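These protein sequence lines are chains A, B, C and D, in that order.
Using my numbering, read the first sequence as starting at 1 and increasing by one per residue.
Using my numbering, read the second sequence as starting at 1 and increasing by one per residue.
Using my numbering, read the third sequence as starting at 1 and increasing by one per residue.
Using my numbering, read the fourth sequence as starting at 1 and increasing by one per residue.
Quick reminder that beta carbons are idealized off the backbone N, C-alpha and C, glycines included.
These numbers come from a predicted model, not from an experiment.
Written out below as structure tokens is the structure these notes cover.
Number of protein chains: 4
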Amino acid sequence: MLPKLTQKQTEVKRLGIPKIDSPLKLSTQISLHSHVLYNPYYQEKNKDRVSFEISIPENKIYFDPKKVTAGIVTCGGICPGLNNVIRAIVLGMHYNYGVSNIYGIRYGLQGFIAKYELPIIKLTPEAVSNIHEIGGTILGSSRGEQPIDEIVDFLEHQNMNILYVIGGDGTLRATERITQEIYARNLKIAVVAIPKTIDNDIAFVHRSFGFETAVDIATQSIQGAHAEATSFPNGIGLVKLMGRHSGFIAASAAIAQRDVNYVFIPEIDFDLDGPKGFLSELKKRMLSKSHAVIVVAEGAGQKFFEKQNQEKDASGNIKLMDIGVYLKDRITRYFKEENIPLNLKYIDPSYLIRSVAANTNDGLFCATLGQNAVHAAMAGKTEVLVSNWHGVYCNLPISLAISQKKTIHPGERLWLNVLESTGQPSFQND
Amino acid sequence: MLPKLTQKQTEVKRLGIPKIDSPLKLSTQISLHSHVLYNPYYQEKNKDRVSFEISIPENKIYFDPKKVTAGIVTCGGICPGLNNVIRAIVLGMHYNYGVSNIYGIRYGLQGFIAKYELPIIKLTPEAVSNIHEIGGTILGSSRGEQPIDEIVDFLEHQNMNILYVIGGDGTLRATERITQEIYARNLKIAVVAIPKTIDNDIAFVHRSFGFETAVDIATQSIQGAHAEATSFPNGIGLVKLMGRHSGFIAASAAIAQRDVNYVFIPEIDFDLDGPKGFLSELKKRMLSKSHAVIVVAEGAGQKFFEKQNQEKDASGNIKLMDIGVYLKDRITRYFKEENIPLNLKYIDPSYLIRSVAANTNDGLFCATLGQNAVHAAMAGKTEVLVSNWHGVYCNLPISLAISQKKTIHPGERLWLNVLESTGQPSFQND
Amino acid sequence: MLPKLTQKQTEVKRLGIPKIDSPLKLSTQISLHSHVLYNPYYQEKNKDRVSFEISIPENKIYFDPKKVTAGIVTCGGICPGLNNVIRAIVLGMHYNYGVSNIYGIRYGLQGFIAKYELPIIKLTPEAVSNIHEIGGTILGSSRGEQPIDEIVDFLEHQNMNILYVIGGDGTLRATERITQEIYARNLKIAVVAIPKTIDNDIAFVHRSFGFETAVDIATQSIQGAHAEATSFPNGIGLVKLMGRHSGFIAASAAIAQRDVNYVFIPEIDFDLDGPKGFLSELKKRMLSKSHAVIVVAEGAGQKFFEKQNQEKDASGNIKLMDIGVYLKDRITRYFKEENIPLNLKYIDPSYLIRSVAANTNDGLFCATLGQNAVHAAMAGKTEVLVSNWHGVYCNLPISLAISQKKTIHPGERLWLNVLESTGQPSFQND
Amino acid sequence: MLPKLTQKQTEVKRLGIPKIDSPLKLSTQISLHSHVLYNPYYQEKNKDRVSFEISIPENKIYFDPKKVTAGIVTCGGICPGLNNVIRAIVLGMHYNYGVSNIYGIRYGLQGFIAKYELPIIKLTPEAVSNIHEIGGTILGSSRGEQPIDEIVDFLEHQNMNILYVIGGDGTLRATERITQEIYARNLKIAVVAIPKTIDNDIAFVHRSFGFETAVDIATQSIQGAHAEATSFPNGIGLVKLMGRHSGFIAASAAIAQRDVNYVFIPEIDFDLDGPKGFLSELKKRMLSKSHAVIVVAEGAGQKFFEKQNQEKDASGNIKLMDIGVYLKDRITRYFKEENIPLNLKYIDPSYLIRSVAANTNDGLFCATLGQNAVHAAMAGKTEVLVSNWHGVYCNLPISLAISQKKTIHPGERLWLNVLESTGQPSFQND
């Protein structure tokens, strides 16, 4: 239904052959892709290209709505939008398909296990009416594994034929095993996952719910750090943000304000010491501009702790160190040695980023994810998760999503934008 | 750099062949696309597929930064993010390319015209430091055409070799003519546009800046309407939202809350009277649920005014009528005739939606659009605008973007989501 | 418990006797009070001064919590914080006094009347857990009178011995009559009111709940108007705000930003025409500054409609006119006649101001009002409302609060602050 | 101008003499005041009562606006609203008095001292136009003392005759000494202070600017803690808030939500161990309710560190300990010993609370404080600060404000409200 275009129509004019070198020295080679397809949808004639199934309500469904008993469970850490997704599933099941037996499982996978004695909660449109206004999950959550067979026992005992799982990497692995057990028992239970990761690090999922809200709150922290840094002589605002394996929150929040001078993420190595290291660069900046804002993702610079931990091993006192606190200490010590006064303010918004209610755009996103999860389940799709790929809602096998982690590639546009925004060098002595 | 996948890996499991009809009766046929490409980037082997050039900073540039004099102009209605885009251009020119001669043109195209005697404004990093915190445009704007040759005269007199234009459909048409005049005079001036439309209705541009902020504010209006509707017996909250030719704001805001019962947009016809018309459906709902929330885009239902205007023509008193007020009056009259008491609250946020500062996610978007506009200009690209297609920033010829309007297609996912959320029928007697 | 002070300790030093006239020409005489008492609490030795009873929990109470059945009703227009007050009453009754029979009356006074067939709602801590996050009232409301004897019949039939009424001037009058009927029947029912008025116009009540939130939203409208006004040549932003008899919202919102140039409120007369009238002053400003922001309370300038209404009377078509639309039309016409181009944007946030959830500070205020209402009721106080006087929570007889309206006095600090902020003259030809 | 009232009119009706004991067992005796004066303003007939001079613009002023050179300085930690106050002073001086020589002193008291070589900044209406939208202070600030005589030298050299000082307790003490030096040199320089304390702990000042914004952000932290606590089995949300000597932020934020179960402030002693200590109470709650929200002001429980510090003294390694971290560790250890699983989330918003821009109500407050500071200075008042007492803006001698600290009294309404909201006992073994 896209209007017809020719390649000629898309070609951009130029004044002439560029003649001089760009002064924009990004610390990374630019590469990757040069063009994006106008029509990125599957077409008969290009059947060799791999594609994802787009999420749509199907005209024929597998389950008789009157015979459906569905369960919803939320697992792992909380994330903005959990309640929105729960609400969307309940409203979609109820209003679009006429399903009325919908139950919430309490406290994540624990809710399936008899010994915890956790009752299930009946979920109705009234019960979920306002839950999208509050953070966390009304169902409760928990971390950790539970025996897969007991989980499937529970589904059998409760006569559930649809299970919605909202969780992250670990939960998706458990869900994968749950589906295997369901197949092994030859049960007709559809299992549909909605991937949850505030770090936005699930593979083959461009955007995860709650991420934009997280960036929103992270940006407020950076604004605070900037206010602190510019309000004092030699002020430094140092912000630690979530991001264990991927720096998406840190990178995105840094671009939004362009008030950030240095960003450190798990994917990109950096040195603190040495002539090209961060500390001497920071010194240069402080002497010329007298303020700086630094953002560090919690998973960045783990290499600094390898030695530390080993050292500590000897004294029998192993402790996972905190890169935020570590940077704060290193910077403070360095400037003391250099005899330069400093006003460093350390800001760690920690749980504040994940415990708020979803913002409007995430609300819209969660609502659509929930709707699509319902369509997938009612059509009898299973072992499936609802993804968003290049802005298109689609269904993926869970196995695919857990086959790897999504991280920021140094050559991709997001990181290049960070480098452009901050102007930071590579911080690597070699 | 995408990991290799096979189609088999992307295939979704199903419990069995669906056997029964879905109760989900959407008033529109579902069609369009079934799969989205995993890799939507251009590849040698599929060179027949049309693609858009991805925005990147190039290693070789056309302009010597020291010799650049750049102008920025904002035209047409205001939109959240205008100041963010101005700021991003200034910061990008200054910090990434070392350009220091950057000027703001006052009050849109009027600023080019001698008779208005409007001075240009020097734009520095300090001058734009906090402007992203406020709505509107610090440069000022205006509507309406201006003589193209005088505009180009101005560029020549000011010795400008880069012009950034931030504006909507009409402005892009003027910009197109400006570039033609520049070619005719054989000048070396790069003209780069950033498309501005709060209605998100520019063709070949998936997302326009300020749109998400607009949806954000629109959603607050809907929350207000919902509070009014549910707080009174037979309460109706009727909200009019921006959207002259396209209902993107109305549709998106309606999905986010799922508290909206009826959405009317310019793209979809509807009847008020008759057995399948909206009024009799609304009556049914009020009798059973006793409250309703209605959202109408300003461009919807224009057919109702064709007659009206003709009538008025005779009395010499032509006035463009307001669909919001019209609906309010029709509903009020209808329920009076039906002898059903009503508490209708009409909410028209009007300019409130476009005059706020950009929210975080729009801030991030504007920052990147501005950066990319700078890269395009410095590389000597011209008659070009910065677009976003399936989440990828890319460059389009302006001529392409003005070749048609973007509207909501009744069969596309966005509208189907609205129908799912509201459960509204087609409101067409035939 | 206030530390002892002598008057001498409070005396402010001055450099010398002021010698010159102040250039600050406020259009109103300054008068009223010169000093505020350090200790504004009642003391034995000044027993002649009138005082209000401070709200406190008493050690001895009238009702046995186990035998209490309480009702809560919300009446009239909605206001930010209604749900917070409901929540605070329920939580206070439950947790502080152990009362468990608490019921919500639906849709205001209608809920008492048999013919409406409205069931009461059981209110528990769980039921009200998150209601403060949403606007409106979960109980519903309605306007208009209902038979007092049927209301008291209802209380008798339901065996209610405490009634909490949340409503405005009209509701307080009805409440007063309800208490008279209760006395006449010799019933032991405590009736406690929490005054509700978004206009902040109830007498002997310094601050009413929801008012600060209303000012908050009103201020956003003014920011929008300012962005519009400054973004266009000869831009005018005209904002109409709530305030039928009192201009508290308009005055307060105008001071907060100091971007407002003219404020019109019901309490202060003004002329549009003539040499000192508003239109000629506005013309002067537009010619010199080329933008203006105007705020008008809905009850201002009603004198302009007296004639209008009389005219309309003849044609049998009386309609209350809208001062916002009237000003918009008059300004537009005037500048057209003066041949000065204009960009006037009219913003009417209407219900948006009253339908939002309470902000934090109002949440705190509502929580305390609700707690104090509970203390008053449990102690057997009746025909009483919870007020706030000079920052102190206190109890007033309802009869006192309805004995007059609270308005802005031209000589009081609030209006003087408006005049200082705007610099506006008196706009009176004589 | 207050309407006449008799005491009889203010008397509240009661159903009868209360007969039974209240179940509301507050851990503190209620006392203090029973009535608030209707008219708390000074009257001739009660001339024996101590009063504060109300802030008003005077008709006669001391300084000739054309000859005024004014300086503004911000000192100490940042606080929401600093820029609003700066803006209000500049706009008031410029528009109300026609003063155009207004300068900002950089980085607090350092800006007066030659060796720091900090230039002053010219402040115009344009320069301060949007600064209220950002946190921090555009002038910069610093902590610590500077030589008083050099400060006065600076004022003399710059020919400044008005100095506005925005700062806290320490700054007010320095200001007091500056005025003494000014008197000693017989200079005619008016020194006016606006008290700044995010903790709201300056004596004889009921409300300090930025406090409500701080409570706003603090409340968001508590909402986050509540979401965490209720989303996990045995979830505890522990929030540390600002408040070195006074717990106003912690107490106010706790009341607003009523989701807080325990509040600890510097003014109220508490035990952790023992039968009535906090830990055993917390255990009881966790076993029955399985979640808890705890708020602790940073200055609370310092007694726990006295021993700790002494211990550390020996090893020569003194470090002020953190009550938040201490509580977290003690709770964690206690529940481990008790063998009860726990999900404790520790949230320390730290600088986030003070670095945001002021909210609307604080904006209104800052605007009025600034206006009043200008009136005081122009009238030649000196050694004075602008206070707010029972909602009335008034002028106090600085000496009075620094004569003591303001703290929460255990018997005052604020703390009683906390006890009512939380239901917490006294936590004191004796």
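Problem set entry | One or two residues paired with Glu53 of chain B in a DSSP bridge | A:His35 and B:Asn395
For this session: Taking all protein chains shown into account, decide if Leu287 of chain B is buried (16 or more other Cβ within 10 angstroms of its Cβ) or exposed.
Result: exposed
Exercise. What is the DSSP secondary structure of Pro195 of chain D, reduced to helix, strand or coil?
Worked result: strand
Exercise. Cβ of Ile318 of chain C less than 8 Å from any chain B Cβ?
Worked result: Only weak support exists for where Ile318 of chain C lies, its pLDDT of 45 falling under 50; the coordinates are left without a value.
Exercise. Under the DSSP definition of a beta bridge, which residues are partnered with His291 of chain C?
Worked result: C:Gly235
Problem set entry | CB contact flag (Tyr41 of chain C, Phe52 of chain D, <8 Å) | no
Problem set entry | Check whether Asn237 of chain A and Pro266 of chain A have beta carbons under 8 Å apart | Checking the displayed sequence, the identity of residue 237 of chain A turns out to be Gly instead of Asn. In this structure, Pro266 of chain A does not lie closer than 8 Å to Gly237 of chain A by Cβ.
Exercise. Which residues, in order along the region 133–164 of chain C, keep a beta-carbon less than 7 Å from a beta-carbon of chain A?
Worked result: Glu133 and Ile134
Problem set entry | Environment of Ser17 of chain C [buried if 16+ CB atoms lie within 10 Å] | Note that residue 17 of chain C is Ile in the sequence shown here, rather than Ser. By the neighbour-count rule (16 or more Cβ atoms within 10 Å), Ile17 of chain C is not buried but exposed.
Exercise. What is the residue span of the alpha helix (DSSP H) that Ser89 of chain C lies within?
Worked result: The residue you asked about is not Ser; residue 89 of chain C is Ile in the sequence shown. Here the alpha helix (DSSP H) through Ile89 of chain C covers Leu82 to Leu91.
Exercise. Is there at least one Cβ from chain A nearer than 8 Å to Asn130 of chain C's Cβ?
Worked result: yes
Problem set entry | Below-8 Å beta-carbon distance, Asp259 of chain C vs any chain B residue | no
Problem set entry | Backbone CA spacing between Phe440 of chain D and Ala254 of chain D [nearest angstrom] | With chain D represented from 1 up to 430, any question about residue 440 of chain D goes unanswered, as that position is not in the structure.
Exercise. What is the DSSP secondary structure of Arg14 of chain D, reduced to helix, strand or coil?
Worked result: strand
Exercise. Along chain C, which residues have their Cβ under 7 Å away from the Cβ of Ser231 of chain B?
Worked result: Ile78, Gly136, Thr137, Gly140 and Ser141
Exercise. Is the beta carbon of Gly370 of chain B within less than 7 Å of some heavy atom of the ligand NAD?
Worked result: You won't find the ligand NAD in this model; it holds no ligand whatsoever.
Exercise. Taking the continuous alpha helix (DSSP H) assigned at Asn417 of chain D, which residues delimit it?
Worked result: Arg413 to Thr422
Problem set entry | Residue of C:Asp21, C:Gly98 and C:Ile61 minimising C-alpha distance to Pro57 of chain D | C:Asp21
Problem set entry | Span of the beta strand (DSSP E) around Asn388 of chain B | Val384 to Trp389
Exercise. Comparing the C-beta of Leu352 of chain C with each C-beta of chain B, is any distance below 8 Å?
Worked result: yes
Exercise. Can you list, in chain order, the residues of its chain whose CB lies under 6 Å from that of Ala250 of chain A, leaving out five sequence neighbours each side?
Worked result: Leu241, Gly243, Val263, Ile265, Val295 and Ala297
Exercise. Going straight from the alpha carbon of His226 of chain D to that of Asp259 of chain D, what length do you get?
Worked result: 7 Å
Problem set entry | Whole-Å CB distance - Gly324 of chain C paired with Tyr351 of chain C, under 8 Å assumed | Between Tyr351 of chain C and Gly324 of chain C the Cβ distance is about 14 Å, and since that is not below 8 Å, they are no contact.
For this session: Taking the CB atoms as reference points, tell me whether His291 of chain A and Thr230 of chain A lie closer together than 8 Å.
Result: yes
Exercise. Given Val99 of chain C, which residues of its chain have a CB within under 7 Å of its CB, disregarding the five upstream and five downstream residues?
Worked result: Pro65, Val68, Ala70 and Met93
Problem set entry | When D:Leu5, D:Thr360, D:Ser34 and D:Phe270 are compared against Glu212 of chain C, the one with the closest alpha-carbon | D:Thr360
For this session: Measure from the C-beta of Asp348 of chain D to each C-beta in chain A and report whether the shortest distance is under 8 Å.
Result: yes
Exercise. So with Cβ pairs under 8 Å, would you call Tyr42 of chain C a contact of chain D?
Worked result: yes
Problem set entry | One or two residues paired with Asn343 of chain C in a DSSP bridge | C:Gly235
Exercise. If you run the structure through DSSP and keep just helix, strand and coil, what is Asp21 of chain A?
Worked result: strand
For this session: Evaluate Asn317 of chain B with the Cβ neighbour count: other Cβ atoms within 10 Å of its Cβ, from every protein chain shown; 16 or more gives buried, anything less gives exposed.
Result: With a pLDDT of only 46 at Asn317 of chain B, under 50, the local geometry of the prediction cannot be trusted, and no value is derived from it.
Problem set entry | chain B residues whose Cβ lies nearer than 7 Å to that of Gly224 of chain C | Gly135, Tyr351, Leu352, Ser355 and Val356
Exercise. For Ser252 of chain A, does the count of other Cβ atoms within 10 angstroms reach 16, so buried, or fall short, so exposed?
Worked result: buried
Exercise. Is Thr69 of chain B helix, strand or coil by DSSP?
Worked result: strand
For this session: Check the Cβ-Cβ distances between Tyr262 of chain A and every residue of chain B, and say whether any is below 8 Å.
Result: no
Exercise. Who pairs with Phe190 of chain C in a beta bridge, going by DSSP?
Worked result: Note that residue 190 of chain C is Ala in the sequence shown, not Phe. Paired residue(s): C:Ile162.
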